[in-house]
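Line order of the protein sequences matches chains A and B.
Anchor point for the first sequence: position 235 equals 234 in numbering that gives the first Met the number 0, and the numbering is continuous, going up by one each time.
Anchor point for the second sequence: position 135 equals 134 in numbering that gives the first Met the number 0, and the numbering is continuous, going up by one each time.
The structure under discussion appears below in the form of structure tokens.
Protein chains: 2
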Amino acid sequence: MPFREILNRLMTPGERVLWEACLARSACEYRKGEDMVREGEHPRVLHVVLSGWVQKYKQLPYGRRQILAIYMPGQLCDLDLFTVERSDHSLAAVRAASVAEISRSDACSLLRRCPNIPQIFCWSELVAAAVQREWMISLGQRNALERVAHLLCEIYVRQRGVPDPGDGECDFFLTQWQIAEATGLTQVHVNRTVQELRRRCGVELGQLRLRVPHFAELAAIAAFSPNYLHFGEAGAGVDRVAPLFETSDMPMFAGLPSERDRASPLQLLS
Amino acid sequence: MPFREILNRLMTPGERVLWEACLARSACEYRKGEDMVREGEHPRVLHVVLSGWVQKYKQLPYGRRQILAIYMPGQLCDLDLFTVERSDHSLAAVRAASVAEISRSDACSLLRRCPNIPQIFCWSELVAAAVQREWMISLGQRNALERVAHLLCEIYVRQRGVPDPGDGECDFFLTQWQIAEATGLTQVHVNRTVQELRRRCGVELGQLRLRVPHFAELAAIAAFSPNYLHFGEAGAGVDRVAPLFETSDMPMFAGLPSERDRASPLQLLS
DNA sequence: ATCCAGCGTTAACATGGGTCAAGGACGCGC
DNA sequence: GCGCGTCCTTGACCCATGTTAACGCTGGAT
Numbered sequence: 000m001p002f003r004e005i006l007n008r009l010m011t012p013g014e015r016v017l018w019e020a021c022l023a024r025s026a027c028e029y030r031k032g033e034d035m036v037r038e039g040e041h042p043r044v045l046h047v048v049l050s051g052w053v054q055k056y057k058q059l060p061y062g063r064r065q066i067l068a069i070y071m072p073g074q075l076c077d078l079d080l081f082t083v084e085r086s087d088h089s090l091a092a093v094r095a096a097s098v099a100e101i102s103r104s105d106a107c108s109l110l111r112r113c114p115n116i117p118q119i120f121c122w123s124e125l126v127a128a129a130v131q132r133e134w135m136i137s138l139g140q141r142n143a144l145e146r147v148a149h150l151l152c153e154i155y156v157r158q159r160g161v162p163d164p165g166d167g168e169c170d171f172f173l174t175q176w177q178i179a180e181a182t183g184l185t186q187v188h189v190n191r192t193v194q195e196l197r198r199r200c201g202v203e204l205g206q207l208r209l210r211v212p213h214f215a216e217l218a219a220i221a222a223f224s225p226n227y228l229h230f231g232e233a234g235a236g237v238d239r240v241a242p243l244f245e246t247s248d249m250p251m252f253a254g255l256p257s258e259r260d261r262a263s264p265l266q267l268l269s
Numbered sequence: 000m001p002f003r004e005i006l007n008r009l010m011t012p013g014e015r016v017l018w019e020a021c022l023a024r025s026a027c028e029y030r031k032g033e034d035m036v037r038e039g040e041h042p043r044v045l046h047v048v049l050s051g052w053v054q055k056y057k058q059l060p061y062g063r064r065q066i067l068a069i070y071m072p073g074q075l076c077d078l079d080l081f082t083v084e085r086s087d088h089s090l091a092a093v094r095a096a097s098v099a100e101i102s103r104s105d106a107c108s109l110l111r112r113c114p115n116i117p118q119i120f121c122w123s124e125l126v127a128a129a130v131q132r133e134w135m136i137s138l139g140q141r142n143a144l145e146r147v148a149h150l151l152c153e154i155y156v157r158q159r160g161v162p163d164p165g166d167g168e169c170d171f172f173l174t175q176w177q178i179a180e181a182t183g184l185t186q187v188h189v190n191r192t193v194q195e196l197r198r199r200c201g202v203e204l205g206q207l208r209l210r211v212p213h214f215a216e217l218a219a220i221a222a223f224s225p226n227y228l229h230f231g232e233a234g235a236g237v238d239r240v241a242p243l244f245e246t247s248d249m250p251m252f253a254g255l256p257s258e259r260d261r262a263s264p265l266q267l268l269s
């Protein structure tokens, strides 16, 4: 269950129409590497990936940069930026990407009309935060082989879902240099590592495509466990989260005056 | 302006009484290293640090662990856990710590009665997420000296605020082994690094206390810039965020039916 | 057809930080 | 006062990863 499916599952058909219309209306095209938000700017719009991938990154004195997150179609990139005066990071297209830029007023009217939308936002942020924590584990504790293997596993599972329906392929838009920036390694060493993975479990990392003939082997190298993606819960989320907060069991919404509207799960964001 | 001051600034006196009462009522004591939430558990309460520090961490196969975040008095540790079925990380005391454990129903009634509380939650989460991104930079891009220096700068500024009123001291509850777990280094190498910092800029890392006689020098080594802590904004936050969302300018709340109550800034969390 | 930029590949060499092992200082319980 | 555990310190050694510098392939622009 890739991210898009979760989106669809969480929305009513009517909401989906509104949502898609809003996205389509504000779609923008970016070229590879082009910035959408730059560190220090005051952010004015909310970015939602339509196609391609988007990277959140920080630039460091003298050239190096760290990629902090990768956003895939359907994901919200920068919900936090609405509360913040100056962004502390940048946002750019990984390759050519299409991105919806929702203005504050559009976001406002969406929220007014679609009670399930906040829930979407909630899951999006929740998963993004969990992924970020897992990246910290890679950066701090895993060696090069494990880091790259883990990143490939994550990207594969985020697109294909788990359990995997199976032909072992998915989109892959990062260059080896970008893998290096995400994993805190050198481009040269990423190259060595990718070759090792090719040798050990037949991973193919080609033009825009990742092939993983034996996912289990790759996952074993990375000690990859998809729990942190909270996928199973997102599936259940529609049924579980929504009723819960109608019955005033969820602390943040219960007691808020908006109960009849079922707005607000967003308040639970991490 | 350390975190506690921000808390006070954001609350009305009446709210502060309720808040403090709620914290006091549910206070728990933990010994050094004792777990409050363990990975895989279903989280039932919200943890707020009263005194001492709290660490969020993940345990890895064979012994190593990564500290993901450090929470100081006043901070909320795990707002996200309310939405999640099973926690993907653990929470433990750094040293002996006192922690309030707010039940869902208590959190609920707090939110009902204190319109500014969600705002507090919002800032807490926002800053926590920004700190986490900065830690990724350390783990991915900085060398040992820069990592440790940066951590010391952050801990100093988070307690003392910036600009610093000045005598160059603050609490410091981490052992060198815990610094190692937070920075992705070895305890042995942290020791070497701390000595280097002692030599280079007179940093003293003693029993429960950190002394930084020349903060500027330490900050220079780390290339430390406190922007990511969003401190200035938190000061302004009371005046700016609140009116903004009353005038329906903030997308997430504007249009929500609860406007007369001024609930909901939490919706903007990242 | 030619050029060029971007990307992947390779090799020789350098080094930051890990590993292992031992010892010392301090504080705490008995 | 003794013993023990926790934390800090030190030294010798070594490996994973960084550095530098080529080279070649490919695809797009002219």
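Built from N, CA and C at the ideal position, the CB exists for glycine as well.
The structure displayed is predicted, hence computed values, not measured ones.
Residue-level contact to chain A via CB, residue i, 8 Å cutoff
i	result
residue 188/B	no
residue 183/B	yes
residue 234/B	Because residue 234/B carries a pLDDT of 44, less than 50, the predicted location of this residue cannot be relied on, and no value is offered for it.
residue 217/B	no
residue 227/B	yes
residue 63/B	yes
residue 131/B	yes
residue 196/B	no
residue 5/B	no
C-beta neighbour in chain B for residue i, strict 8 Å
i	result
residue 240/A	The predicted model places residue 240/A with a pLDDT of 34, which falls under 50 and marks its position as unreliable, so this point remains unresolved.
residue 125/A	yes
residue 10/A	no
residue 22/A	no
residue 212/A	no
residue 90/A	no
residue 67/A	yes
residue 99/A	no
residue 222/A	yes
residue 96/A	no
residue 26/A	no
Span separating the alpha-carbon of residue i from that of residue j
i	j	result
residue 114/B	residue 15/B	12 Å
residue 153/A	residue 212/B	44 Å
residue 175/B	residue 188/B	9 Å
residue 111/A	residue 219/B	48 Å
residue 8/B	residue 49/B	17 Å
residue 149/B	residue 11/B	34 Å
residue 92/B	residue 22/A	44 Å
residue 120/A	residue 205/A	33 Å
residue 228/B	residue 198/A	44 Å
residue 108/B	residue 116/B	11 Å
residue 207/B	residue 65/B	21 Å
residue 170/A	residue 45/A	25 Å
residue 33/B	residue 105/B	24 Å
residue 192/A	residue 147/A	7 Å
residue 68/B	residue 78/A	21 Å
residue 178/A	residue 100/B	40 Å
residue 88/A	residue 137/B	14 Å
residue 244/B	residue 5/A	Reliability of the predicted coordinates at residue 244/B is poor, the pLDDT of 29 falling under 50, and no value is obtained from them.
residue 222/B	residue 17/B	41 Å
Contact test: residue i Cβ vs the ligand ADP heavy atom, cutoff 7 Å
i	result
residue 15/B	The ligand ADP is absent from the structure shown, which contains no ligand whatsoever.
Could you tell me which uninterrupted alpha helix (DSSP H) segments, each at least 4 residues in length, are contained entirely in the region 202-228 of chain B, listed from first to last along the chain? 214-221
Residue ranges of each alpha helix (DSSP H) within the region 94-124 of chain A, 4 or longer: 103-112
Decide yes or no for the touch test of the region 26-34 of chain A against the region 134-147 of chain A: beta carbon pairs closer than 8 Å, at least 3 of them. no
By the 9 Å beta-carbon criterion, what residues does the region 70-88 of chain A contribute toward chain B? 77, 78, 79, 80, 81, 82, 83, 84, 85, 87, 88
Residues from the region 135-166 of chain B in contact with chain A, defined by Cβ distance under 8 Å: 135, 136, 138, 139, 140
Run through the region 143-193 of chain A for me and flag every whole alpha helix (DSSP H) of 4 or more residues, listed as ranges in chain order. 143-159, 175-182
Does the contact criterion of 3 or more C-beta pairs under 8 Å hold for the region 119-138 of chain B versus the region 83-97 of chain B? no
For the region 110-121 of chain B, enumerate the residues whose C-beta is nearer than 7 Å to any C-beta of chain A, in chain order. 110, 111, 117, 121
Where the region 38-65 of chain B meets chain A: residues whose CB sits under 7 Å from a CB there: 57, 59, 60, 63, 65
Which ranges does the alpha helix (DSSP H) cover as unbroken runs of at least 4 residues, wholly within the region 13-54 of chain B, from first to last along the chain? none
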